[in-house]
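>
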Amino acid sequence: MLGRVDFDLARCTGCGMCVKICPASALELVDKKATMKEPPDDQCMFCGDCQAVCPVDAVIMKRPYRWTSFYKVIEHGEPKPPRLFTD
Numbered sequence: 005m006l007g008r009v010d011f012d013l014a015r016c017t018g019c020g021m022c023v024k025i026c027p028a029s030a031l032e033l034v035d036k037k038a039t040m041k042e043p044p045d046d047q048c049m050f051c052g053d054c055q056a057v058c059p060v061d062a063v064i065m066k067r068p069y070r071w072t073s074f075y076k077v078i079e080h081g082e083p084k085p086p087r088l089f090t091d
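Numbering (my numbering), first residue to last: 5 to 91.
Structure representation (structure tokens):
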């Protein structure tokens, strides 16, 4: 899971902009309020588009993913000259 998107339902106006902008189609409007589709972890890419487009700041991004903890830096030393192949 990359993170979790929650909504401040008291602020949400049900405009649907977050639902329209979501590239993963992970959001829906239920009773004129934005929510994650079930199961939530399977679709959301945690891109933040919904948060960026929300006019009332009702989108809450939780547990943002840290890409630096995913990748390890491996020391390879000095670069080697390219090898030439001949016939």
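We put the beta carbon where it would ideally sit given N, CA and C, even for glycine.
1. Report the start-end ranges of each alpha helix (DSSP H) in the segment 10-68 that is 4 residues or longer and not cut off at the edges.
2. What does Arg8 pair with, by DSSP beta-bridge criteria?
3. Should Leu92 be labelled buried (16 or more other beta-carbon atoms within 10 Å of its own) or exposed?
4. On a CA-only basis, which of Cys51, Met49, Pro27 and Ile64 is nearest Arg15? Give me that one, please.
5. Would you please state the rounded distance, in angstroms, between the beta carbons of Val23 and Ala38? I believe it to be under 8 Å.
6. Between which residues of its own chain and Gly52 is the CB-CB distance below 8 Å, once the five residues before and five after are set aside?
7. Exposed or buried, Met49, counting other C-beta atoms within 10 Å across all chains shown (16 or more means buried)?
Let's see:
1. Positions of the alpha helix (DSSP H) runs, each at least 4 residues long and wholly inside the segment 10-68, are given as 21-25 and 53-57 in order along the chain.
2. According to DSSP, Arg8 bridges with Lys66.
3. Given that the chain is displayed from residue 5 to residue 91, the structure contains no residue 92 and the question cannot be resolved.
4. Ranked by Cα distance from Arg15, the first of Cys51, Met49, Pro27 and Ile64 is Ile64.
5. About 6 Å separates the beta carbons of Val23 and Ala38, which is inside the 8 Å limit, making them a contact pair.
6. Contacts found: Met65.
7. Exposed is the label assigned to Met49, since fewer than 16 other Cβ atoms lie within 10 Å of its Cβ.
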